[in-house]
Structures are given as structure tokens and as C-alpha cells.
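Quick notes on the structure that follows.
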Amino acid sequence: MKLKALLCLILLSALLPVGVRAEKAETYKLRVWGPLVVDRSKGWEAAVKVFEERHPGVTVEMLSMGAGGMNPQKLLTAIVGNAPPDVVYQDRFTIADWASRDTLQPIDDLIERDRNTPGGVRPEEFYPAAWDEVKYNGKAFGVPTDIDSRLMFYNKKMFREAGLDPERPPRTWSELQEYSDKLTKRNKTGYDSIGFIPNYGNAWFYLYSWMMGGKFMSEDLKECTIDNPKSLKALEWMVDFYNRYDGIEKLNSFVSGFTGMEFDPFMTGKIAMRIDCVGLVGNIARWHPEMELGACLPPIPDDRYNHTGDFKNETQTWVTWTGGFAYVMPRGSKHRDMAWEFMKWMTSMEGVDLTMREQKKYNLERNRPFVPWFQCNRKVNEAMVAKYTANIEKKFRDPMLLGMEALDFSYYRPTTMISQRLWNEHDRAFQQAVYGMATPAEAVKEADRNVQGALDKFFHQNDYPLLNWNIPIAIGIAVCLILAVICFINVRRQHLSRIAKQEFGAAVLCASPWMFGFLVFTLVPIIMSFVFSFCNYDVLHPARWVGIMNYKDIFGAEEWYYMSKSIYNAFYLAIFGLPLGMATSLCIALLLNMDLKGMTWYRTIYYLPSIMPIVATAILWTWILNPEYGLINVAWKASLSEWFNIDPPAWLAAEKTAKPALILMGLWGAGGGMILWLAGLQGINRALYEAAEIDGANSWVKFWKVTVPMITPYIFFNLIMGIIGVLQSFEAQYIMTSGGPVEATLVPVLYLFNRAFGEFRMGYASAVAWILFLIVFILTIIQLKLANKWVYYEGGER
Amino acid sequence: MTSTLNALLPVFWIIGTALAYAAVTYFITIVQEAYKEGRFWKEAGVFVVYLAVVLILGRLVFRSASAADWCALVLAVVGAAGAVVAGRKKASLATSLFLMSAACLLPFVINLGNSADPNAAGGIRSCRFFIAAFLMFAGVFSVYIAGYSQAENMFKKRSARRRFMSLSGATVILVTGSVIFLAPFVWLLGTSFKESDQIMKFPPEWIPKRQISQEFNGKKCPVWTINETGETVYELESFEDGTVKVAESGGREYITETAELTKVTKPGLKWENYPDALDFLPKSTKKGLVYLLNTVYVTLLSILGTLFSCSLVAYSFARLRWPGRDIVFGLLLATMMLPGAVTMIPVFMIFKYLGWVDTLNPLWVPSFFGSAFAVFLMRQFFMSIPRDLEEAARLDGAGYFRTFVLILMPLVKPALAALAIMTFMGSWNNFMGALIYINSPEKMTLAYGLQLFMGEAGIEYGMLMAASVLVILPVLIIFFFAQKHFIEGITLTGIKG
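In order, the protein sequences belong to chains A and D.
All residue numbers for the first sequence refer to this note's numbering, where the first residue is 183 and numbers rise by one.
All residue numbers for the second sequence refer to this note's numbering, where the first residue is 24 and numbers rise by one.
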């Protein structure tokens, strides 16, 4: 009866979502991804509303789809899966990257068509830096919307308190250092305040390299030049700066203690100077309007300022750089014209004015000041800045005007198809150097080699022959046929009786769901993945046969770093985490096996953590492990720091403690393993204990001589499954650290996932998967071999 | 001097914990004995009178804010002294309760230095840990002496005594462990009800608090105190730039910065975090209801699929004889070793080929084709059932499927229940599937929706925790009611091959 009710419920619920999904036929949804900037959302909403009114039948759905910016994995899977959004609000410097993979649509025809209409897009009206960034191979792929330049912001109050002239900010690197020293105040365990951190805010190695006159790419964009003496000098300067203040780990743990705008260390007077986008002004006005804000162009090397040395003939003294977003149209967008209309509207004078007006209205209603943001369209920008900065405080207006001036001489990142890679590598070079894992020279050299490798691969990708699917399919079919024949002959040879034949038929029918599943979800994928591992494949283009290149790449210097790191991390987690976890869960199981009262409660409590959704666990533990406010460090500070003066670790924020932090989090979920132990413990024959007691064994001896041998099959099972589990762990790392800091928590599957769904190097990722499989396989075989020596099976049979 | 003593403190704590264990043992013994001899209530009454007298005396004598602390000190000393006496004689319940009170009230003693004048640092304040540790040491040690002799009286037999000691030891460890395991949950729940400024407070507070509002000039106004003077003021209007317009009770009004003020709070819950969190979701998700429905849909179909396919397949492997069975079963076991990563990419392409990207299908369809682990569990369970019934049915002419449905299915219900719950947990929490396949908000599941939400609401921890609580809640409820079936199902099945 109950079963029937359950069945009804299941059927009913299967029907439910159909109702939810039903949509009206005559209207459609224009899906826009990526535009959620909280402080602009009200303006956007208003602009979208007007857009919807002007285009009846269209509803616009705006989604952020991923932490902060646009999650590339999400967008790629959507495009590949033929369910892309219609418009994407995309970081401009990656457009060449996406366009080179045919994931975006060129929109030159639309621009040409509408260029003379009132709302048309005319490239010459845009800042050249912005328009160049949306172009790839001579085609335009998007409409740039907002733009930003970097300035140095500083806290005038802190300047005054340190005896510095608040109206005379530092102009050169040596002045910057001198100011920073004066503004930094140390205390017993760390800092009360810090003057300047080179890469805090939005400066990056890019900026300092430009300042020194370095370039990351050659003019023709075919060669990576990140390894040049000028950039190297810049990097060395950055590293020196960090080391002046006891290195990046100390600084990071200081900064990471202040989360959110409310506690932002710059706005709350913990950091005195910061290079950041002009957009920071809006945030300061919103969160800490009381701050005495000053702004200037970022300080430059002394030689550049004085026009001496390398910079004797340099005409451009000041250096800053710009970036921003553009509206682009992914391939397969279903409503091309409407998407175009939307892009035009959101960047038009009218649309922008409406957005800002409404946002301003909203802000003023809440007593928040409104600070506009820059537009890529020069005409629109000048009008908007004039209109919306007229009535704001001078301390906010001045940076805006300065920032706008800077747009004319701002640098921008090279528009290459490997821009994302270049970005990642330049950041990694910085990280490597600053964490002392490589000298700056080694770091840039490695980055150069990696980016060049990617470039070369890109230019030679069409040299390889297309994969002929007929060959693997033919081989597959042949193998299947041979297997089928062997099975048939074998079965035939056994001369089954009629009943046995019947039973055979029933058995195969019963097992058929799994057999089918095995075929479709395991066997075919395994073969496919094996074939792919010898191919270059990005899902959008046909696969190309590259032989063992993918495997060679894995062991090549560039990828081996990540691969070895991820395997090392997995083994670290397995070697330290697994025994700890198993011991903890065994202890719990032993205690729970003691016939205590309230067993149900204990069991529930200890098991609970392991049934938590991983996302919730991750959110909770990110907070618990927070270096400043987390529960663990609060307890630590009250005890260990107090008594022994041991500083609390920064956990996930520091390279050394990130893995222990994950292990700690894993221990919390150790109750999950307890159930299997309980099963094992309860399966032990009581007589064995009684016999041991008669022989005078105490509980210690009983545990080691009876319990442990009897549960060896369970230890074995847990060990094998545990190692497989660790080698396959992914979610916690993906959500909490994305593999950082400095790949300290990069695990094989996360690495594979990034390569597969982040870069869509399916062939390469398949090769990684096979290496992973090989490792699991070898480990399992070793364990099976060793198992005979220590695992005891009751009855002596396996 | 004090710093050395403070450094030694962990040693005191370790010894103290060990002795506390003995004390608990002793206490349980005493209570049990008192019950048995019917003098429990009488003695408890004596203790209450004792407590009342000490407290009243304390109030009368000291009359200061820290009177309670001094009482605790007195109590502790008296208790410790009593313990020494009790160690020699056969202790009564009242005496033992005195002793326990000494131990229980130690936290107050630890607070002793806190409530003392903060300006008198260096003296009592800095060695408060030492005082506390010493008292604990002295008190508990004497309790231990008393307890051990008592336990000896009670259990003449050595083995019985040992068993009793180990049981109570286990209880102490289990309770301590429970507190540690539950702490993050409590923290999560607490935070989900907190105001954002309380979340960031250092040191952290466990209990959510809200600002008090009081009637002022006929209007409900939030209450603050001025940091410097401690005077109470009423907030008339707050501005986004961190300033508020306040009024003194005398009527003077002025604008000041919130940094100069402290909120007057009392324990209270900020329920608004929950609706706020739901409002934050995209409109097309109908305040997260769509997430919930999608998750329920996927979960139910997954359960149905797993139960159907795995029991059928396991039946074939466990109960039917067919050539090649063991080889195929070996293959099945081998697939458990296969990292999911190997098949992840091709399976994505298969679903892409089927046009199932951005649908819920990839999340539940595979469950209809069995999972190796579930088949394995079910097979083990089938193996443990005697064959007699089944053979009888077969003799009566029932076919294989009839036997399976009518005879075996009812017998494996516990295992099915366990499997259903396991699938529920797995499917409810499935994150990676949704991450790879789902793009539209109206098709997302809770686990993935929460992650996206985390990215967008990064700053608002209160809302984030509220959302987490909402996602966890169904799992908790189901687990709580089903845990007996679940755990027993797995325990019965075992994994021995």
C-alpha cells in the first residue's frame, strides 16, 4: 500500500516540471549572461524594461552565471551544447581567444547595415583601445561598453598621520617605496597598517612591465616576449617590494582577514595606497564616503620619470592600462537581430543615459552617492561624465576626470588568441616569483616558453590530419563481433539443458539494464576517450589525429608542472588524509559499537556532516577556515597563540596550509565511513572475544589480535575506495579554492576539468584521464597483490 | 612567573580532562546508588538548600557585580574541601553534588579575572588561567580519589568495574566529539539569523542578536549607547554614509558616526535573511521553488531508476546461474575502479548528441542503467537470503520474474530502503552533473543554484548561510527519520566479498 502511494507520488512529480516548463509560444526570451554588477543592476533593469517595451514579445533574462565574471566553462558548454545565451557581457581581452575558436559571431555586417541609422554603432566613435580589443583577424566581434583606467588611490588621512603631504603623492617607484615604509605600521604579530602592496587592487605584473617598457607579445602577435629584460626588471621590483614586508604570505593573510566592501582594508584605512580601476571611486562612495580619497597616476620607474637611462627618448611619461567589457554574440544565438538591437541599445547614448539616470535615482533614494562609470564610446562617455560628475564631491570627481584623461594614453592587453593563457601565465610567473618558488628570471622564462608553446600549437593546428572515425568504429565493431562469437561458442559448448537455457535468457534480460548502461556509459566512452587521447579535439571542430602528442605534452615541462603538482597533491591528501580519516571513523565506530544509550543520536550526529551538500559544506568551511574570523583560528588565538605565541595558520589562503585545511574539513565528514566499519565490527563473532578473554587478553590485545584482523577486508575496501575517492575528488577544491593558492590544492580531476571544460582541450584531457586511470589501476593491482598478505577472509575464500 | 604558569596550562587541562572522566564515572555511580536506595530526592533537596544559602550569602556579603564569581569561588573551595573528606568516608549524594558543583562552576571562576577591574592588569587578571587550572586540578583530583574508592565499593568484581569505567569513558568522548561535530552546524544556523555586522564581530558570538528598539517620542527607535559616555541615545534616521541622526533622552538631536556608537542588543533572530536570500534568485526561478521542484524531480526519478535497475541486475548476478556470470560480475566490480573522469568527456558528447545539454535528463537517465556500487550492495544482500523460499516458489511453477517480484523483493526491503536513501543523498547533492549540463536557471538544481548564488551574494554571509540552511534542511529531515533504515540496511548488507 505504502509502495503504491510512493509510486503515485513519483509519477505525479514526474509530471510537475512539465507544467513549470511550459512557455508561451508567441513570446521569447532574450538570454543575456554576465552583466550582474550589483551597483549598476537597478539602472540596467530600467534600461532593459524600456527595451522590452519597445520590442513587445521579448523578455530579457539577465544572469550572472558564475562567480564574479563570466565562467568560461559554463559558456563553452552552453555553446557546445547548442543552448547558448543570445548576448554575453564579456571581458574584452578574451574576445580574440573566443573568436579564434569560432565560438562568437562576427557582427561586421550588422555594423555596416546600421552605421548610418540613429542608434548605429560607428567604430570611429570609440576609444581605439576599446575597439581594437573586440577585433580579431580584422573582424569585429562585439560592441565595447564600459572602460576603465588604472589610477593610484591613496588615503589622505593616513598620509597626514604619517607626516606626508597629502597633496603630493609619490610619483616614482623609489618615492613609492619610501612612502610605503613610512605608512607601514607593524605590531607584535603582523601589521596594523600597510603602505602599499604592488598587486593588491588591480595593477598586475602587466602594468609594472609596461612601465619598464616591456611588452609581452611581439608586434605581429606571433611571438611571446614576456621573457625580456625590461619585464624581468619590473618583476624583480615587485618581488623586492613584497619581501620588504616579510613576503606575500604575511601580506595575504593580513588582507584576507577583511572580506567585503564594508571591511575593505583600503577603505577602512588599513592599506594606504592602492592601484585600481577608476570604478573603485563608485565603491568608495557607496561604502565609505567618509574616506579622504586622493588619486594620481600610478608611480613610474625613476628613469622614466626623469627621462634618463632607457627612457631618454620616451615621449609617453605616464603609464596606465585599460580594460573593460563588451557585448558579444555567441555562435548559435537564436535571436541574432534582437541580440544586436539589445547590444546597440545598451551602448547608445539614450540607453546609457537611462541606465545612469535610473541608477542615480535609486542611489539617491537610499542616500547613496552616485558615481558614473566610463563608456567606450567617447562621445557618450564625455557627455555622461560631464552630466553625472557635476554634482558629486570633488574628491570623487577629480579621479574621474583624471581617469578619463588617462584613457587617451592607456595601454591595453595584446589581442591574441591566447590572451587568457597569457594572462594566466603572467599571473603565475608573478606568483612563482613572489612565493619564492622560482627566481623572477626563471619564472618569466617559463611563462614565455608556455605561452610560446600554446602559440605554436595554434598556428600549426591544421597541419594534422582529420581523424577518420571509420577506423575506430570498424575496429570496435570487429572486436565486439569477435567477443560475441567467442561468447556464443562458449555457451554453445556447455550444452545447457532447456531449463538452464531459460534461466540464461531470464538472467541476461535481468542484467540487461546494466549491460546496456555499461555499453553506452562505460565501454563506448572508454573507447572514445582512448581515441580522443590521440587527437586534438575541441568539440566545435572535427578531431585531428596528433598521435602521442598529448601524452608527450603531459610529460613536457609546461604541463608536467601542473600534472605532477596535482598528482602530488592527491597523494598528499591520500597519505595524510586517508589514514587519519579512516582512523577517526574507526574510532567513532568502535565507540558506537559499545552498546551505549542514545546510540541513535550519536550515530545521527556523527553521520550528519557526510550527508551535507558539498556546496553547503564548502561555504560553511570557507568561513570556518577564515584566517581572521573563522571559528578555528579564533579558538587558536585564544589558546595556542596566547600560551605559546604560535601564530594561527592562514589555512586556505596559504600554500603550506591549504591541504591540511582540506584534510581537516575531510575529518569532519569522517562519520560517513563509520557505517561500513560498524557493519564490519558487528560481523565479528563474539566467541572470538570470549576465547581471547579466557586466555587473559586485555582490551588492547583484543583490539589488535581479534578486531583488526577480522576487519581487514573492510580496511582493504575502505583503502581502495578511499584512494580512488581522493584521486577523483573535485568539488570541494573547485568551489573553495579553484586549485589555489599556487596550485596547492590542484587535484587531478580539477586539472582535467579545467583543461576539458575550461579550455576545451578534450583530447588532452582524455590523455590526462588515461594517465589517471593508469595510476588508479596500478595502485589497485599493488593493493590486491599485497592484500593476500594481510587481509583475512573468513572461510578462506574470496 | 605568570607566563610560565600560563605556558604550563595545557598540562593542567590534560590532567584535568583525564580526571573529569573519573569524576563523571564516580558521579554516575553515586546517582545510581542513591536511586537504588531511595534517597535521591532527599539528598538532592539538601544540596539545593546548600546552594541557595551560599548564593544568598554571597549576594549579601559581596553586593557587587562580580558577586556571582566570588560565590563560585567559595563554592569551589568548599566543594574541594568536601571532596577530601568524602574520599575517606563513604560519600553521600549531597557531598558528591557539592563536588560536582565545584567542577561545574569552574567556568565562572575562570571568568573571575574578566569581571575584575580591567585596569588592575598584571594581578589577578593575567593569572586567571592559572587560578582556574589550579582549582580544577585540586577539585577534580580529590573527586577522583573519592570516586575511585566509591567505584571500588560498588563493583567488587574487577571486570564489571572495568566495563563500567570504559563505558562512561566512551560516553565522555562521544559527547565531546558530538559537540565538536555539531559546532559547525550550530554556527551555520546561528549565522543565518545574524545581522551582517554581528557576523564580522571579533571574537565571534554564537547567539544571534538584534538591536533593541524603544518607544521614543511616540516612535519606535533603535537604541544605541555612546562609546565614550555610555549614555543611551535613540536613532531617528540613519544615512548610508555611516552616520546616524540620534536623539538623547533629554531631547537634544545631532548627527554622529556609527563608529562612535554601540548597538544595544538582545538575543533575537533576523528572519529576514531567509526571504532576502530567496528574493536574490533570478525571477524565473520563482524564489527558488523551481530549483526545489527540479531537484525533487531528478531525485525521485533517480531513486526509481536505481531501485529498479539495481535490484533486477543484482538478482541476476546473485540468484541466477548463467555461463560467464562471474566474469561479467568481475567486469562490474572493475568499473568501480574506473575514474569517472575517463568517461566524463565522451558521456558529455553522447548527451550533447542526444540534444540533452541544458535539460535535466543527464542527471537521472543514467540511474536507470544501474551503478556498479549499488548493484554490488544489492547482490551481497541477495546472497544473504536463504534459497529455500525461492526454490519452493519455483517448484510451484512461478517464473523467474514472478519469484523476483513476489518472493525476493519483499525480503530485500531493508536494502532497498538503504539504497533509496543513498541515492537520495547522492542525487540531492549532485553538483558536478548540474555544473556540466545545466545552463538555464529554470533547470537548475539546488546544489548548483546555491553555488551560483554564492558567487553573486559573496558579501552577504547571513543570506548565504540562510540559503545553505534551506538546501540542507530537507536532507537533514529525511536522514533523521530514515537513518534507522539507512544504517541498518548498509550494516546488514556488509561488503564482504
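The beta-carbon is built from N, C-alpha and C at its ideal position, and this holds for glycine as well.
Predicted model, so just to flag it, every value in this text is computed and none were measured.
Excluding five sequence neighbours on each side, which residues of the same chain lie with their C-beta closer than 7 Å to the C-beta of residue i?
{"i": "A:N900", "result": "M764, G855, L858"}
{"i": "D:M406", "result": "A341"}
{"i": "A:G461", "result": "D330, W555"}
{"i": "A:L194", "result": "For A:L194, the pLDDT reaches just 47, beneath the cut-off of 50, and the residue's location in the model is therefore unreliable, leaving the point undetermined."}
Is the CB of residue i under 8 Å away from at least one CB in chain A?
{"i": "D:N296", "result": "no"}
{"i": "D:A364", "result": "yes"}
{"i": "D:V494", "result": "yes"}
{"i": "D:V398", "result": "yes"}
{"i": "D:P485", "result": "Reading the sequence as shown, one finds Gly at residue 485 of chain D and not Pro. No, D:G485 lies away from the interface with chain A (no Cβ there is under 8 Å from its Cβ)."}
{"i": "D:M455", "result": "yes"}
{"i": "D:Y423", "result": "yes"}
{"i": "D:T358", "result": "yes"}
{"i": "D:V428", "result": "no"}
Work out the CA separation of residue j and residue i for me, nearest whole Å.
{"i": "D:V321", "j": "D:D381", "result": "14 Å"}
{"i": "A:T529", "j": "A:W392", "result": "30 Å"}
{"i": "D:G393", "j": "A:A693", "result": "9 Å"}
{"i": "A:I905", "j": "A:K639", "result": "35 Å"}
{"i": "A:T327", "j": "A:K542", "result": "19 Å"}
{"i": "A:M520", "j": "A:P266", "result": "15 Å"}
{"i": "A:A949", "j": "A:L346", "result": "59 Å"}
{"i": "D:S261", "j": "D:K217", "result": "20 Å"}
{"i": "D:L439", "j": "A:P254", "result": "41 Å"}
{"i": "A:G464", "j": "D:D299", "result": "24 Å"}
{"i": "A:V728", "j": "A:G907", "result": "32 Å"}
{"i": "D:F427", "j": "A:G687", "result": "15 Å"}
With a threshold of 8 Å between beta carbons, is residue i in contact with chain D?
{"i": "A:F552", "result": "no"}
{"i": "A:E891", "result": "The amino acid at residue 891 of chain A is misidentified as Glu; the sequence shows Pro. No - not a single Cβ of chain D is within 8 Å of the one on A:P891."}
{"i": "A:N298", "result": "no"}
{"i": "A:L968", "result": "no"}
{"i": "A:Q910", "result": "yes"}
{"i": "A:S920", "result": "no"}
{"i": "A:N815", "result": "no"}
{"i": "A:E931", "result": "Going by the sequence as given, residue 931 of chain A is Val instead of Glu. So, interface residue."}
Leaving out five residues on either side along the sequence, give the residues of the same chain with a beta carbon under 6 Å from the beta carbon of residue i.
{"i": "A:L258", "result": "F942"}
{"i": "A:P654", "result": "V713"}
{"i": "A:V673", "result": "none"}
{"i": "A:F493", "result": "D485, R486"}
Name the chain D residues that come within less than 7 Å of residue i, Cβ to Cβ?
{"i": "A:P512", "result": "Per Cβ cutoff of 7 Å: no residues; A:P512 is ~11 Å from chain D at best."}
List the residues of chain A that residue i touches, going by C-beta distances under 9 Å, in chain order.
{"i": "D:R344", "result": "A682, E685, F686, A689"}
{"i": "D:M406", "result": "Per Cβ cutoff of 9 Å: no residues; D:M406 is ~13 Å from chain A at best."}
Go through its chain and collect everything with a Cβ distance to residue i's Cβ below 8 Å, but skip five positions before and after it.
{"i": "A:G324", "result": "Q272, R274, I277, L286, I289, V316, A508, Y509, V510, M511, M525"}
{"i": "A:E540", "result": "K224, G225, E227, A228, A229"}
{"i": "A:E474", "result": "N337, K338, K339, P348, K577"}
Establish whether the CB of residue i and some CB of chain E are separated by less than 8 Å.
{"i": "A:G320", "result": "Structure shown: chain E not included; protein chains present are A and D."}
Which bits of chain D does residue i rub up against, with CB to CB less than 9 Å?
{"i": "A:W850", "result": "I203, F204, P207"}
Run down chain A in chain order and give the residues with a C-beta less than 7 Å from the C-beta of residue i.
{"i": "D:T194", "result": "L778"}
{"i": "D:Q474", "result": "V797, I917"}
So which residues of chain A does residue i contact, with C-beta pairs closer than 8 Å?
{"i": "D:L377", "result": "Under the 8 Å cutoff, chain A gives no residues; its nearest Cβ is about 10 Å from D:L377."}
Open item on the list: For the structure I just gave you, are there three or more beta carbon pairs, one from the segment 276-285 of chain D and one from the segment 428-437 of chain D, closer than 8 Å?
Closed with: no
TODO: Taking 8 Å as the threshold, find out whether the segment 307-321 of chain A comes into contact with the segment 444-453 of chain A through three or more Cβ pairs.
DONE: no
Task: Inter-stretch contact at 8 Å, needing at least 3 Cβ pairs: the segment 671-683 of chain A / the segment 912-919 of chain A - done: no
Task: the segment 545-556 of chain A in contact with the segment 566-576 of chain A per 3-pair CB rule at 8 Å - done: By the criterion of at least three beta-carbon pairs nearer than 8 Å, the segment 545-556 of chain A is in contact with the segment 566-576 of chain A.
Task: Three-pair Cβ contact test at 8 Å for the segment 401-421 of chain A versus the segment 362-372 of chain A - done: no
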